[in-house]
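If you read the sequences in order, they're chains G and C.
Numbering-wise, the numbering used here puts 117 at position 77 of the first sequence, and it's gapless, one number per residue.
Numbering-wise, the numbering used here puts 75 at position 26 of the second sequence, and it's gapless, one number per residue.
Glycine included, each C-beta is placed from N, C-alpha and C at the ideal position.
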Amino acid sequence: MNAINPVMGAKAEVKQNLEVADNQVTVGSCFTEAPKMTMRNVNVFYDDKQAIHNVSVDIAKNEVIAMIGPSGCGKSTFLRSLNRMNDTVESCRVEGEICMDGENLYAPKLDVVELRARVGMVFQKPNPFPKSIYDNVAYGPKIHGLADTRVDLDEIVENSLRKASLWEEVKERLHQSGTGLSGGQQQRLCIARAIAVSPEVILMDEPCSALDPIATAKIEELIEELSQNFTIAIVTHSMQQAARVSHRTAYFHLGRLIEVNPTEQVFTMPEHELTEAYITGRFG
Amino acid sequence: MDKMTFENHYMKQFDEELEEIRTRLMEMGGKVEQQLQNAIRAIGEADSQLAEEVIKEEQLVDNMEVDIDEACILIIARRQPAASDLRLVMMVTKAVNDLERIGDEAKKIANHALILADENGSSTGYTEVRHLGQSVMSMLSNALDAFARFDVDAAMLTIEEDKQIDQEYKTALRELATYMMEDPRSISRVINILWVVRSLERIGDHAKNLCEQIVFVVKGKDIRHQK
């Protein structure tokens, strides 16, 4: 009987074989024309344990790329290797090539502090400095010497807060502590802080997982707006969020990049059975 | 034979909900299949009682449509299905619509059966109804089988049957026109038959839609309106 039974077939295989082959090839469209960042054959190790296996993918300019996958699949590790946040982890070793605009980010001479200004990061838990709202945003431009005068600095702070959709809510109390804001406001403050230094790429590691639905909606709307000017890579546990905000979705599984495809395809007809099994809630 | 089940979700309740809309769609399919069969028989055997039954049961099919649609909306609201699950739910909401329309057409045929039986006239045109009726019955039954097994090959073959039905429909129209020209007194009676074959042809179209939706569920490909 040649009854085609893809879903069941996929599930049955998945059940038996959650492991992936060593020579697992990423399916879909990993590469783009005119990429902002290019990653080639990236391997990441924690001591002897390999967390990322041979990942090659591009991130296009002004694209929002979402990285999804079950816990421990390596998506955060991969994200953190894009601005060398993993350098701070002693046991961590990154192999392969990670370039931005053709420049190798792991070149020995590269200034890591400058890199982190060019590739900003927003974390899961809002982490404003215990300073005023104004100083939170002004800190980066000050240390990077982006503002010559107080007027310039005021302008950067206002613009950043406006871009982060926070200005209207805080303009009357710029000199109150940033930690006094609500969780959603704090997260937008962190985004304002990240964009104050005019980064080219913003990495977001589950930026909404500590927020309520309304604050989440505000951040998601913001991501859409920010993608006009910035390239964004976002790691998220919420598949609906990936579906809502991203242009392309990358699915990670056990340290392998399984599939990269346009988001609308991933959530309606994913190419790989593991992606299918994960986004339909069959494991993860 | 492989049977497609909707298992292995982390939420067991989700498995059950998907299995349930699928089962209820099959039930509804069985119901309209029976309605169509009875409506065609009611014409051939001039059985008014059977025709009345078909007309009465149409309400039942309408209710099924509403219930299944509601179940699909609940699944979307509660589970936010994705990929094949999403395709299945969307397919079911479209398929109940097609099945309900088939039920409507069966009811129309039954209405004409009543008129024809009341007149108690000749059986002119019954052969055409029987012929086309058999083809349409077989196509609908193949479509429902293909759905039960999620069998894309069977669905594609069934879609081809629609061409045959369209051909038979045209032939029937020509023959019915000849009857009317030969004997103008038969016109009002033959017009009733004409409506019946029209309904049968429409049922073929709905069965074709069902098959296209099966391909969509399994393959993720939309093959509607492709030449």
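Residues of chain G whose Cβ lies closer than 8 Å to the Cβ of residue 269 of chain C are, in chain order, 308, 309. Beta-bridge partners assigned by DSSP to residue 312 of chain G: none are found. Under the three-state reduction of DSSP, residue 89 of chain G is assigned to strand. Runs of alpha helix (DSSP H) with 4 or more residues, each lying fully within the segment 221 to 267 of chain G, are found at 223 to 236, 253 to 266, listed in chain order. Taking all protein chains in view, the Cβ of residue 239 of chain G is crowded by 16 or more other Cβ atoms within 10 Å, so the residue is classified as buried. Sequence-distant Cβ neighbours of residue 250 of chain C in its own chain, meaning closer than 6 Å and more than five residues away, are 218. Interface annotation for the segment 117 to 136 of chain C against chain G: 128, 129, 130, 131, 132, 133, 134, 135, 136, criterion Cβ-Cβ distance under 9 Å.
For residue 161 of chain C, the enclosing alpha helix (DSSP H) begins and ends at 132 to 168. Per DSSP, the continuous beta strand (DSSP E) segment holding residue 289 of chain G begins and ends at 288 to 293. Within the same chain, Cβ atoms closer than 7 Å to the Cβ of residue 184 of chain G are found at 157, 237, the five residues on either side in sequence being excluded.
When 8 Å is used as the limit between beta carbons, residue 316 of chain G is near these residues of chain C: 132, 133, in chain order. At the C-beta level, residue 108 of chain G and residue 312 of chain G stay beyond 9 Å of one another. Not a single CB atom of chain G sits nearer than 9 Å to the CB of residue 241 of chain C. Within the DSSP secondary-structure output, residue 133 of chain G pairs in a beta bridge with G/85. In the displayed model, residue 105 of chain G falls within a strand according to three-state DSSP. For the 9 Å CB-CB criterion, residue 242 of chain G and residue 266 of chain G form a contact. Membership of residue 296 of chain G in the beta strand (DSSP E) is indicated by the continuous run 296 to 302.
Boundaries of the beta strand (DSSP E) harbouring residue 271 of chain G: 271 to 275, taken from the DSSP string. In the three-state scheme derived from DSSP, where H, G and I count as helix and E and B as strand, residue 233 of chain C is classed as helix. Residue 93 of chain C and residue 241 of chain C have their alpha carbons spaced roughly 13 Å apart. Chain C has no Cβ within less than 9 Å of the Cβ of residue 125 of chain G. Taking all protein chains shown into account, residue 103 of chain G has 16 or more neighbouring C-beta atoms within 10 Å of its C-beta and is therefore buried. The beta-carbon distance between residue 70 of chain C and residue 120 of chain C, rounded to whole angstroms, is 5 Å. This is short enough to meet the 8 Å contact definition. Against chain C, the beta carbon of residue 322 of chain G has neighbours under 8 Å at 57, 58, 59, listed in chain order. For the segment 87 to 117 of chain G, there are no residues whose beta carbon sits under 9 Å from a beta carbon of chain C. Annotation: the continuous alpha helix (DSSP H) that includes residue 103 of chain C extends over 97 to 128. Membership of residue 65 of chain G in any alpha helix (DSSP H) is not indicated, and neither H nor E is assigned to it by DSSP.
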